[in-house]
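S.K.: Residues 1 to 952 (the UniProt record's numbering) are what the sequence shown spells out, left to right. I am attaching a structure below and will ask some questions about it afterwards.
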Amino acid sequence: MFCSLLACLGFYVGAIWLYENLRTPVLLMLQSIKQLVFRQKLSQRYGKWAVITGASDGIGKGYAHYLARKGMAIVLVARNEAKLAKVADEIKSMHGVETKILVADFSKGATIYPQLEKALVPLDVGILVNNVGVSHDTPMYVDEVPQKILWDLINVNVAAATLLCNILTPSMKERQRGLIINVSSIASVGPSPCLATYAASKAYMTSFSVALRDELRQFGVEVQTVRPSFVHTNMTDFLVSGKDKWANKMLVRVDNFMAYAGCTIGKVDMTCGHWSHGLQTAGIYLVPERLRVYIFGLINKKLREDFHVKKKNKILIPQHSPGTQVSVCSPMWLVCAILGLIGAYCSVCWLYENLRTPVALVLHGLVRIILPQQSLSEKYGEWAVITGASDGIGKGYAEYLARKRMNIVLIARNESKLNRVADEILRKYSVRTKVVVADFSDGEAVYDHLARELLALDVGILVNNVGLSYERGMCMDELPKKLVWDLLTVNVASVTMLCHMLIPAMKKRRRGLLINISSLSAAAPAPYLTVYSAAKVYVRNFSMALREELRPHQVEVQTVLPGFVRTNMTAFVATEHEGKPVSKQLVHVDDYVRYAGFTIGKTDRTCGYWSHGLQYAGLKLVPECVRVFVLKTIYNHLRVIGVYATFCWLYENLRTPLLLLLRAIKQLFLDGQQSLQEKYGPWAVITGGSDGIGKGYAHYLASQGMKVLLIARNEAKLKRVAEEIATKYHGAEIKICVADFSKGEQIYERLVQELSSLDIGILVNNVGVINEKPIEVDRMEKRLLWDLININVGAATQLCNIAIPSMKKRHRGLIINISSLSSLAPTPYLAIYAATKAYMKSFSLALREEIVPYGIECQTVAPGYVHTSMTEYLNPTEGQNSSFSKRLVQVNDMIRYAGYCIGKVDQTTGHWSHGIQTAILNMLPASLKLRVFTRLYTQLLHEYSDPDKKYA
Numbered sequence: 001m002f003c004s005l006l007a008c009l010g011f012y013v014g015a016i017w018l019y020e021n022l023r024t025p026v027l028l029m030l031q032s033i034k035q036l037v038f039r040q041k042l043s044q045r046y047g048k049w050a051v052i053t054g055a056s057d058g059i060g061k062g063y064a065h066y067l068a069r070k071g072m073a074i075v076l077v078a079r080n081e082a083k084l085a086k087v088a089d090e091i092k093s094m095h096g097v098e099t100k101i102l103v104a105d106f107s108k109g110a111t112i113y114p115q116l117e118k119a120l121v122p123l124d125v126g127i128l129v130n131n132v133g134v135s136h137d138t139p140m141y142v143d144e145v146p147q148k149i150l151w152d153l154i155n156v157n158v159a160a161a162t163l164l165c166n167i168l169t170p171s172m173k174e175r176q177r178g179l180i181i182n183v184s185s186i187a188s189v190g191p192s193p194c195l196a197t198y199a200a201s202k203a204y205m206t207s208f209s210v211a212l213r214d215e216l217r218q219f220g221v222e223v224q225t226v227r228p229s230f231v232h233t234n235m236t237d238f239l240v241s242g243k244d245k246w247a248n249k250m251l252v253r254v255d256n257f258m259a260y261a262g263c264t265i266g267k268v269d270m271t272c273g274h275w276s277h278g279l280q281t282a283g284i285y286l287v288p289e290r291l292r293v294y295i296f297g298l299i300n301k302k303l304r305e306d307f308h309v310k311k312k313n314k315i316l317i318p319q320h321s322p323g324t325q326v327s328v329c330s331p332m333w334l335v336c337a338i339l340g341l342i343g344a345y346c347s348v349c350w351l352y353e354n355l356r357t358p359v360a361l362v363l364h365g366l367v368r369i370i371l372p373q374q375s376l377s378e379k380y381g382e383w384a385v386i387t388g389a390s391d392g393i394g395k396g397y398a399e400y401l402a403r404k405r406m407n408i409v410l411i412a413r414n415e416s417k418l419n420r421v422a423d424e425i426l427r428k429y430s431v432r433t434k435v436v437v438a439d440f441s442d443g444e445a446v447y448d449h450l451a452r453e454l455l456a457l458d459v460g461i462l463v464n465n466v467g468l469s470y471e472r473g474m475c476m477d478e479l480p481k482k483l484v485w486d487l488l489t490v491n492v493a494s495v496t497m498l499c500h501m502l503i504p505a506m507k508k509r510r511r512g513l514l515i516n517i518s519s520l521s522a523a524a525p526a527p528y529l530t531v532y533s534a535a536k537v538y539v540r541n542f543s544m545a546l547r548e549e550l551r552p553h554q555v556e557v558q559t560v561l562p563g564f565v566r567t568n569m570t571a572f573v574a575t576e577h578e579g580k581p582v583s584k585q586l587v588h589v590d591d592y593v594r595y596a597g598f599t600i601g602k603t604d605r606t607c608g609y610w611s612h613g614l615q616y617a618g619l620k621l622v623p624e625c626v627r628v629f630v631l632k633t634i635y636n637h638l639r640v641i642g643v644y645a646t647f648c649w650l651y652e653n654l655r656t657p658l659l660l661l662l663r664a665i666k667q668l669f670l671d672g673q674q675s676l677q678e679k680y681g682p683w684a685v686i687t688g689g690s691d692g693i694g695k696g697y698a699h700y701l702a703s704q705g706m707k708v709l710l711i712a713r714n715e716a717k718l719k720r721v722a723e724e725i726a727t728k729y730h731g732a733e734i735k736i737c738v739a740d741f742s743k744g745e746q747i748y749e750r751l752v753q754e755l756s757s758l759d760i761g762i763l764v765n766n767v768g769v770i771n772e773k774p775i776e777v778d779r780m781e782k783r784l785l786w787d788l789i790n791i792n793v794g795a796a797t798q799l800c801n802i803a804i805p806s807m808k809k810r811h812r813g814l815i816i817n818i819s820s821l822s823s824l825a826p827t828p829y830l831a832i833y834a835a836t837k838a839y840m841k842s843f844s845l846a847l848r849e850e851i852v853p854y855g856i857e858c859q860t861v862a863p864g865y866v867h868t869s870m871t872e873y874l875n876p877t878e879g880q881n882s883s884f885s886k887r888l889v890q891v892n893d894m895i896r897y898a899g900y901c902i903g904k905v906d907q908t909t910g911h912w913s914h915g916i917q918t919a920i921l922n923m924l925p926a927s928l929k930l931r932v933f934t935r936l937y938t939q940l941l942h943e944y945s946d947p948d949k950k951y952a
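Encoded structure:
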């Protein structure tokens with residue numbers, strides 16, 4: 001049974017390995033046969049122009065010659081104008097095609113892209129070859145690499161391809177054709193010590209390309225990833241400087257490389273470019289990642305010694321000892337035995353990768369029982385530096401390390417948040433804290449300031465947590481250029497530059513710990529989160545390579561790969577998808593840091609939380625194409641939900657004006673429109689009819705020929721309004737009913753008697769009460785609390801209960817319930833009032849569905865600030881100048897719009913400006929709406945202090 005299980009597992013893993021490594025040659029063969037039958041030039045298939053970066057020599061020059069030979073016009077991009085002109089002349093004389101040259105130094109960063117965009121976007125670019133790249137002259141440890149080279153690696157290897165894809169994919173999508181060729185490297189298949197930054201940048205390129213491929217497939221745009229090994233170019237000159245025979249044999253000439261790589265253009269989406277490089281990649285994938293890192297480390301350290309320290313050692317080639325002969329019973333037994341061995345090997349690899357963290361934790365726990373343990377400050381150093389420490393995971397790590405008696409340096413861009421976190425830590429744990437304000441999106445300029453603040457400290461632990469993501473899944477070309485740069489400078493550059501800054505001191509002290517926060521999205525390329533996931537692959541590979549570099553110096557590196565954690569980055573998941581499966585996957589920061597903190601100093605890799613570890617292990621069970629599909633499905637789901645949410649927003653906010661427009665058109669072309677009294681009934685009942693919005697509705701409905709019953713508690717005001725209406729609208733029948741809704745249950749028996757004899761067509765539930773000025777709940781008088789409940793909730797509910805039965809019998813009627821803009825979100829300092837208006841909105845929408853089958857309509861009105869007695873406190877008085885008084889809409893203006901909506905729409909804000917305010921607020925997630933309301937009413941709280949109440 002066990003052998004059969006291993007055989008099945010071996011068959012599965014063998015099939016995956018064969019699929020991953022044979023799909024390119026098989027696809028190449030099939031596509032070649034297809035192109036023999038259906039011949040089409042590259043320029044016809046993709047477009048006239050091919051743009052090649054790094055085209056002055058090496059692989060870039062090779063691609064330029066190959067594509068020119070295929071009849072494509074060529075744009076050569078590089079920084080050396082003389083070399084570019086020489087290559088352009090060669091191409092014209094040899095192939096006779098049109099050429100252009102663009103001089104651009106990609107190491108200059110964002111400044112060059114406007115010029116490139118201006119030059120390239122007007123062209124019919126069919127193929128983009130992102131070839132430009134830079135590496136160290138020789139293998140070096142990270143702290144030995146000059147800062148200038150680190151920035152060049154980021155700007156050239158990472159930013160160039162990302163920004164050029166961002167510039168050119170929109171036009172390719174529009175034309176429904178195009179090909180992007182991204183030149184990565186065999187170094188991307190595993191972290192590479194002594195080439196840590198370079199290898200991590202190429203891992204970024206591979207992840208970015210594979211994700212981009214799935215994004216653009218539906219638009220007819222293809223993406224090919226090329227992962228060459230050693231090719232004889234300027235980058236590999238150092239390998240042949242010593243005239244070593246092994247190096248010369250390893251290096252493939254550019255012409256030979258292009259003979260194979262060129263043949264794959266338009267046929268496969270992943271290639272190594274040369275058959276020998278394909279064999280190397282397949283062999284590398286046979287070993288587990290940790291062993292790959294170890295092998296790359298040995299090779300690069302050897303090269304470093306040979307070419308950096310100038311020590312010449314022979315490379316020992318292990319001799320193969322003769323194997324023992326195996327007695328074979330039958331061919332089938334041999335197949336099963338081989339599959340069983342493969343299954344056992346792969347099972348061991350998978351178990352090792354996924355159980356090493358929990359096993360290490362258990363062993364460390366046993367050691368801790370036996371041997372006395374050092375504190376973190378004794379083991380690593382006095383200070384812990386945490387980036388992105390103002391909230392989320394960074395704040396969690398800061399509190400955890402402070403609890404472990406370490407002094408804390410908090411780095412983020414929001415000074416007020418940092419100070420608040422520092423005060424909390426000081427109060428809870430009594431450790432020293434230091435606040436450093438730094439915005440990592442500012443790029444290179446920020447690090448001189450950080451060096452001055454940090455280098456004088458005994459930094460024991462560095463937590464590279466700062467990060468930036470999309471608000472939701474987006475296609476690559478939809479990203480604003482500023483966001484692309486921020487993603488690169490914050491997610492990639494910050495980790496690289498801070499490690500480069502602090503490692504020398506740690507090596508000197510022979511102690512220290514680097515904790516680099518990557519992401520579970522580094523497990524596979526993630527379409528619709530392309531740049532973010534590729535950046536996290538960079539962090540993961542960089543960290544693993546750095547770990548091998550620093551091991552001899554007793555400096556530890558831990559890579560953390562969290563899944564979904566409830567932070568600001570995932571706020572849209574929590575708010576927009578509340579109650580759905582994806583939101584339930586969010587782990588609270590406290591729970592996450594409790595697990596992740598426990599692994600500090602015990603393991604070199606962790607997902608930080610047990611459920612994230614299970615997710616990671618599950619993803620590693622399937623081939624990369626399946627992992628890409630899984631992540632694509634997740635992020636596309638979030639993206640589609642984002643599109644869906646946009647349609648919902650448009651529907652919610654445009655349906656009222658569109659319905660009004662359609663009803664107006666209908667009234668223009670259809671004669672015999674009913675008056676309000678014919679459509680609904682002769683009587684309109686208006687609560688709170690003595691002034692404000694209620695009085696406005698009374699005047700409007702009287703002007704439409706309806707009889708009006710005014711209800712309020714102030715008899716004198718009611719009589720005055722009744723006289724005004726009778727005088728203004730000759731012959732209008734007006735009744736008044738004095739009722740104080742704050743009295744609760746006792747008034748409704750009389751109201752039943754008053755209303756039962758009337759043929760009520762329209763009921764306007766307008767009466768309401770508010771605390772006159774913003775006030776904390778605990779400072780409100782109990783009487784006011786009851787008034788808010790009895791008037792704002794009880795009145796509309798009870799009157800609907802009274803009026804609806806007779807409306808149902810007559811199969812006609814309209815109920816207008818006045819809610820408020822404050823129903824959109826909880827409102828501090830108006831907490832109860834806003835909650836009563838949320839009740840009114842919910843009640844009205846539900847009621848509408850109940851009574852529609854009976855021919856009864858229900859309209860919800862949610863106005864913003866209107867100049868009434870309720871908002872009197874917002875008007876300037878002596879010694880007081882309210883910032884809100886100018887925003888008040890006059891009652892007459894509001895009723896002119898709101899009255900026009902009667903009988904046409906079921907929801908309205910009553911005024912166009914309030915509609916715009918509502919639409920803007922509805923664009924915000926619930927948490928941000930709450931912040932907006934909090935800020936607004938906190939300002940009002942400071943402007944006004946006396947609690948009181950006003951009745952309408």
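Even glycine gets a Cβ: it sits at the ideal position worked out from N, Cα and C. Quick caveat, the model's predicted, so the values are computed rather than measured.
Straight-line CA distance for residue 93 to residue 278?
M.R.: Rounded to the nearest angstrom, the two C-alpha atoms are 34 Å apart.
S.K.: Report yes if the C-beta distance between residue 178 and residue 128 is below 9 Å; otherwise report no.
M.R.: Against a cut-off of 9 Å, the Cβ pair of residue 128 and residue 178 comes out as a contact.
S.K.: Please report the straight-line C-alpha distance between residue 725 and residue 479, rounded to a whole angstrom.
M.R.: So the alpha carbons of these two residues sit roughly 58 Å apart.
S.K.: Could you say if the segment 159-175 and the segment 94-103 meet the contact criterion of at least three C-beta pairs nearer than 8 Å?
M.R.: No contact exists between the segment 159-175 and the segment 94-103.
S.K.: Is residue 327 helix, strand or coil by DSSP?
M.R.: With a pLDDT of 36 at residue 327, under the threshold of 50, the modelled position of this residue cannot be trusted, and the question is left open.
S.K.: Per DSSP, what kind of secondary structure is residue 656 in: helix, strand or coil?
M.R.: It is helical.
S.K.: Could you pull the start and end residues of the alpha helix (DSSP H) that residue 455 belongs to?
M.R.: Per DSSP, residue 455 belongs to no alpha helix (DSSP H) and is neither H nor E.
S.K.: Are the segment 185-197 and the segment 530-547 touching by the rule of at least three beta carbon pairs closer than 8 Å?
M.R.: Touching, yes.
S.K.: For the alpha helix (DSSP H) that contains residue 169, what are its first and last residues?
M.R.: Element bounds for residue 169: 160-175.
S.K.: What separation, rounded to the nearest whole angstrom, lies between the Cα atoms of residue 209 and residue 429?
M.R.: Whole-angstrom Cα-Cα distance: 46 Å.
S.K.: Which class does residue 797 belong to by DSSP, given the choice of helix, strand or coil?
M.R.: Of the three classes helix, strand and coil, the one that applies to residue 797 here is helix, per DSSP.
S.K.: With three or more beta-carbon pairs closer than 8 Å as the criterion, would you say the segment 195-202 touches the segment 451-465?
M.R.: Taking 8 Å as the limit for Cβ pairs, the verdict is that the segment 451-465 does not touch the segment 195-202.
S.K.: Where does the unbroken alpha helix (DSSP H) through residue 536 begin, and where does it stop?
M.R.: First-last of the alpha helix (DSSP H) with residue 536: 530-550.
S.K.: Determine, using beta carbons only, whether residue 487 and residue 446 come nearer to each other than 9 Å.
M.R.: It is not a contact, given that the beta carbons lie outside the stated cut-off.
S.K.: What separation, rounded to the nearest whole angstrom, lies between the Cα atoms of residue 983 and residue 412?
M.R.: What the structure shows of the chain is the stretch from 1 to 952, and residue 983 is not part of that stretch, so it cannot be assessed.
S.K.: From 159, 898, 911, pick the residue whose C-alpha is nearest to that of residue 481; which is it?
M.R.: Taking only the C-alpha atoms, the option nearest residue 481 is 159.
S.K.: Given a cut-off of 9 Å, decide if residue 791 and residue 861 are closer than it, judged by their beta-carbon atoms.
M.R.: Against a cut-off of 9 Å, the Cβ pair of residue 791 and residue 861 comes out as no contact.
S.K.: What residue does the alpha helix (DSSP H) around residue 67 start on, and which one ends it?
M.R.: Unbroken alpha helix (DSSP H) run through residue 67: 58-69.
S.K.: Could you check whether the segment 676-683 touches the segment 746-762, counting it as contact only if at least three pairs of C-beta atoms, one from each stretch, sit closer than 8 Å?
M.R.: Result yes; three or more Cβ-Cβ pairs closer than 8 Å.
S.K.: Beta carbon of residue 561, beta carbon of residue 512: below 9 Å?
M.R.: Against a cut-off of 9 Å, the Cβ pair of residue 512 and residue 561 comes out as no contact.
S.K.: Pull up the DSSP beta-bridge partners for residue 745, would you.
M.R.: Looking at the DSSP assignment, residue 745 forms no beta bridge with any residue, so it has no partner.
S.K.: Would residue 265 pass as a contact of residue 76 if the rule is Cβ separation under 9 Å?
M.R.: No.
S.K.: In three-state DSSP terms, what is residue 511?
M.R.: Residue 511 falls in the coil class under three-state DSSP.
S.K.: What separation, rounded to the nearest whole angstrom, lies between the Cα atoms of residue 721 and residue 832?
M.R.: When rounded, the distance between both Cα atoms is 30 Å.
S.K.: Would you call the segment 399-415 and the segment 380-389 in contact, with 3 or more CB pairs under 8 Å?
M.R.: With the cut-off at 8 Å, the segment 399-415 and the segment 380-389 touch.
S.K.: Out of 718, 125, 25, 807, which one is the CA nearest neighbour of residue 74?
M.R.: Considering only alpha carbons, the answer is 125.
S.K.: Expressed to the nearest angstrom, what Euclidean distance is found between the alpha-carbon atoms of residue 504 and residue 544?
M.R.: Answer to the nearest angstrom: the Cα atoms are 18 Å apart.
S.K.: Give me the residue from 733, 138, 357 with the minimum Cα distance to residue 235.
M.R.: Ranking the options by Cα distance to residue 235, first place goes to 138.
S.K.: Can you find the residues in the same chain that come closer than 8 Å, C-beta to C-beta, to residue 913, ignoring five residues on each side of it along the sequence?
M.R.: The answer, listed in chain order, is 864, 889.
S.K.: Starting from the Cα of residue 257, find the closest Cα among 175, 456, 230 and give me that residue.
M.R.: Minimum Cα distance to residue 257 is reached at 230.
S.K.: CA-CA distance, residue 846 and residue 834?
M.R.: Cα-Cα distance, rounded: 18 Å.
S.K.: What is the rounded straight-line gap between the Cα of residue 212 and the Cα of residue 226?
M.R.: If you take the alpha carbons of residue 212 and residue 226, they lie about 14 Å apart.
S.K.: What number of angstroms, rounded off, separates the C-alpha of residue 587 from the C-alpha of residue 711?
M.R.: Those two C-alpha atoms are separated by around 53 Å.
S.K.: Considering only C-alpha positions, which residue in the set 113, 388, 252 is nearest to residue 438?
M.R.: The shortest Cα separation from residue 438 among 113, 388, 252 belongs to 388.
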